[in-house]
Each structure stands twice: as structure tokens, then as C-alpha cells.
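Numbering (this note's numbering), first residue to last: 32 to 538.
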């Protein structure tokens, strides 16, 4: 059923983009009601506007907290045009029909982001705006509602092409968007006030971006969020669903090494697991060592480092196929080399994500947990001897790497280079077998290497196998009822072992 707009109520915080709509409404002879700054804006355009105060007979009071909260406003929005009782009551109380509502909301999220002063934040909790939007959206059979400036262009096009008429489908579409706007706004406010024990899973993320597909071609996929806050994309195709998952894993990993000012860390991610990582004095040296750790798995990987990509590094990287490279900066001559492949994705990191929680969809609900921050809670030497300086450095490095491998996880490290890893196995000893085999495949000598485990050793089989392969120091969280089995083996064989008290499962 088509409806012709006869009157409009406009009350917005942001005026940009509004001028053309106001002029079009005026040219169509539509009565415009407004208040406050929006009224002044319209008057300055030389367009006739009726102050809302003329409807309510009340001025804006309580410092602007109460302007539109009045039956003459909400009756005009909520009155059903096909209900004789509604129409009779509107006539009795001189309530005009309002056919179009253009209202946006106070910038609550922007205020929270810019200040910690609660008084300022509280004043940006909009009351009248959400109420008018919800009322208009509820009455979409008779009313058009526009709740965000991103929809101004669509409204302007509709006014011009349909001369102020709207279809029920168009009004319902605007209503759906309006309810989403209010829902997002309410979630932002609820999260600001949220205590540690929330009754609801509260999350609302804007900026949906459709993926070509999800994890597999037969699955749909959408990303919600603003990647431009984190990266400048300097080259390449659009990030895919799987790219984003691996980029997230890469960002979590490289953040562990953000405080290393002298040495540079380079890592290669494949299917969210670290397949190569090393720390060296230069970016080029760290790349060479990371790649050497598993040049086979590096094919098609996501690369990340915490230093500037120079020409020498770019020349070396250019020799292999990779999907994504993330770095804080690129030299111009390096970019020229790396941009030689048009689909190669180059991301310049601007800032790390500031997430404190992680979510996972399971069964008919959502799991929420805090981010796994840190390396170890304690550094408890329990082996047959104290770690030497080199072993301590390598154990700390290995434990961080192991933290970013899928459980069960084992990381073998030598000279701050991942030389063998096992991950995603159903038993810890299988992960170690995989790690030792990887090291041997690429001719690494495991003599004096160190081993990290993401969880405790339930038996002494892992330390025994590691020792036989050449491992001299182990790091693990401890916590098994049979910790003493592994500890006793290390004591008997003069091997170093550190218990951290901090497990790093990753599923």
C-alpha cells in the first residue's frame, strides 16, 4: 500500500547530508516540524519550519533533556491511520499526523572513546531519539523512519523519483534498519554500564562486509568490523574469510613480541598455526631463519613481522608464494618489489586490536572468555640443574610460540628459531613425534635445543623422547598428578625444567 508523505519531523545531531532532503521536502509541499539546532539549520536554508514547541506548547526544558517527549509528538508518530478510534482521538487532541521521522542519536560511542568523564558520557545517552525512532519503526505501515545519515541518499532518491510516495516494502525496510540502529545504540550503553556478571551476551559490531564465501565455497560469510582502523591495505585483492582468520592469528602472535626493541621477529602462519618464526638482529635475518624452520609449509602462508620491510627482505620474500604480509612499515623500494604481484595482500599495521574478550559460537549459545595474556605466572626451576642464560631466553621464546599452536602443542626452539613443532594432535607424545620429525626433515640438529609444551606432561615419555633427540631444557605449566615422573627424569639426567603455572590450551 502506497502512502504519500504530508508531514515530517526532523531532529538530528549531525546535519551534514541533510540539506538536499530538506529542500526536496519543501519543494513537495511537505510540512516540516523540528526543534533546537536542526530547526535553526533549516531556517538558515530559508525553508519554512514549524517548531515542535508549537505542537507541545512546552519549550525545551531541563537543559534539553525534554524536548519531544509529549503525546502531541508521539501520538502523531504512533497513530494508526486505519483505526477510527485513533483518528478520532488525534482530532480531539489536535495531534497532527507525522508521516516521516528523520532522527539520529547523540554520539554516545564517540563520547566514550574521547573522554572518561562520566558526566559528559551520561549526557550523551539519548532518550527522545530512540523513542521516536522505535515509535516510527513500529508504525511502519503508515510512517517512514530514517535513523542514520548513511540512509539519507536512499531517502533523497525516493523523494525525487516517487514524489513523496512510499511503498509498504520501502517503509518496512527503513524500519528494519532503524530497529538495528537503536539496538546497537542500546548495546553500547549497556556495555558501558556492564558489570562482571552480565545477564546477556552483549555485543554489536557495525560495518558488515560480505565475503565471497566463508571457510569453504559452499558457506556464506560476512565480516563485521572496521579493518581500516587497524591496517592500511597497500596492495592486493580483498581479504577472504580464511585470510582474516589467519591474519587474526598472526596479529595475536606478533603482539607477544611488540616490546622487543632490539631484535626483530618474523613469523609465518598457516591455518592459524605458526609454521616458522625467528628472532634476529635484522628483519632480513629473521625472515631467513623463520623460512628455514619449515620452507615447505610456508607456501601460501600469512607473513608478519614487527620491523620495517626493506629491499633485501622484499627480494627474499618475493621468491615464494604467500597470501598476506603484515608489517608496521615498508620502504618504497621494497613496496615496488612486493607489488609486482597484483593479488598479493600487503597490510601496513596502524594499531593492534584492543580486545579483552574472545567469543565462540557453540551449541545453541556463545562461549565468552578473556584473552590469553602473558607467558608464565611463575618461573620455577625443578630439573636436575638451573637453566643457563641461553636456555632461559629460548624457553621464554618457545613458550610464547607454543601458546599460538593448536593443542596438543609442542615447540622445539634453538637460537630463538622454531626448528620443529607439533600441533593439533590427540596425544602430546604424537605432537612431539611430529615436531622431531619436522626438525629432522629440514636437517636441524636438536642438540641443546629446548622444548615447550602448552600443557603438563601426564607421563615422562615426552621428556624421555626429547632428551633422546638432544633436548636439554623443558618448559611446561605443570599440574599433573604425575608431575614428579617428568621432574625425576630431568633430575636423574641433569636436564633443566621450568614449571610456569600457566597453561596455554588453544582449540
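Virtual Cβ for every residue (Gly too), placed ideally from N, Cα, C.
Source: prediction; values computed, not measured.
C-alpha gap between residue i and residue j, whole angstroms
i: residue 307; j: residue 449; result: 6 Å
i: residue 161; j: residue 32; result: 26 Å
i: residue 348; j: residue 318; result: 8 Å
i: residue 474; j: residue 502; result: 15 Å
i: residue 230; j: residue 218; result: 13 Å
i: residue 258; j: residue 367; result: 24 Å
i: residue 400; j: residue 232; result: 12 Å
i: residue 211; j: residue 205; result: 10 Å
i: residue 256; j: residue 275; result: 11 Å
i: residue 282; j: residue 327; result: 22 Å
i: residue 239; j: residue 252; result: 10 Å
i: residue 172; j: residue 112; result: 9 Å
i: residue 354; j: residue 227; result: 40 Å
i: residue 97; j: residue 158; result: 9 Å
i: residue 369; j: residue 163; result: 53 Å
i: residue 595; j: residue 246; result: The question about residue 595 has no answer, for the chain in this structure spans 32 to 538.
i: residue 37; j: residue 101; result: 21 Å
i: residue 203; j: residue 89; result: 32 Å
i: residue 53; j: residue 61; result: 10 Å
i: residue 2; j: residue 273; result: Within the shown structure, residues of the chain are numbered from 32 to 538, placing residue 2 beyond reach of any answer.
i: residue 394; j: residue 385; result: 27 Å
i: residue 524; j: residue 325; result: 30 Å
i: residue 76; j: residue 356; result: 50 Å
i: residue 409; j: residue 485; result: 15 Å
Other residues of its chain near residue i: CB distance less than 6 Å, five sequence neighbours each side excluded
i: residue 166; result: 105, 108, 109
i: residue 180; result: 45, 48
i: residue 147; result: none
i: residue 537; result: 437, 438
i: residue 190; result: 55
i: residue 64; result: 40, 81, 83
i: residue 479; result: 503
i: residue 57; result: 78
i: residue 496; result: 463
Distance CB(residue i)-CB(residue j) smaller than 8 Å
i: residue 309; j: residue 336; result: no
i: residue 487; j: residue 453; result: no
i: residue 493; j: residue 459; result: yes
i: residue 241; j: residue 208; result: no
i: residue 413; j: residue 429; result: no
i: residue 405; j: residue 533; result: yes
i: residue 344; j: residue 315; result: yes
i: residue 261; j: residue 380; result: yes
i: residue 66; j: residue 82; result: yes
i: residue 383; j: residue 286; result: yes
i: residue 243; j: residue 289; result: no
i: residue 40; j: residue 132; result: yes
i: residue 305; j: residue 435; result: yes
i: residue 175; j: residue 42; result: no
i: residue 362; j: residue 346; result: no
i: residue 426; j: residue 466; result: no
i: residue 364; j: residue 535; result: no
i: residue 195; j: residue 372; result: no
Residues bridged to residue i (per DSSP)
i: residue 392; result: 397
i: residue 305; result: 300
i: residue 255; result: 239
i: residue 42; result: 134
i: residue 62; result: 38
i: residue 267; result: Partner(s): none; residue 267 has no beta bridge.
i: residue 358; result: 379
i: residue 176; result: 132
i: residue 404; result: Answer by DSSP bridge pairing: none, since residue 404 is not bridged.
Other residues of its chain near residue i: CB distance less than 7 Å, five sequence neighbours each side excluded
i: residue 103; result: 86, 87, 126
i: residue 321; result: 297, 298, 299, 307, 308, 309
i: residue 198; result: 33
i: residue 155; result: 137, 138, 139, 142
i: residue 462; result: 439, 440, 441, 453, 454, 456
i: residue 513; result: 489, 490
i: residue 215; result: 235, 237
i: residue 301; result: 328, 332
i: residue 351; result: 329, 330
i: residue 70; result: 80, 82
i: residue 431; result: 287, 406
i: residue 114; result: none
Cβ shell of residue i (< 8 Å), same chain only, five flanking positions each side left out
i: residue 74; result: 80
i: residue 526; result: 414, 415, 416, 494, 498, 502, 503, 504, 505, 520
Closer than 7 Å: residue i CB and nearest the ligand HEM heavy atom
i: residue 40; result: The ligand HEM is absent from the structure shown, which contains no ligand whatsoever.
Below-8 Å beta-carbon distance, residue i vs any chain C residue
i: residue 234; result: Absent from the structure is chain C; it holds one protein chain and no more.
Quick test of the definition: if touching needs 3 or more C-beta pairs under 8 Å, does the stretch 264 to 273 touch the stretch 375 to 388? They touch, by the three-pair rule.
I'd like to know if the stretch 116 to 126 and the stretch 164 to 184 are in contact, where contact means that at least 3 CB-CB pairs between them fall below 8 Å. Contact between the stretch 116 to 126 and the stretch 164 to 184 is absent, because fewer than three Cβ pairs lie under 8 Å.
Should the stretch 292 to 302 be regarded as contacting the stretch 386 to 406, the criterion being three or more beta carbon pairs within less than 8 Å? No: the two stretches stay apart, fewer than three of their Cβ pairs being nearer than 8 Å.
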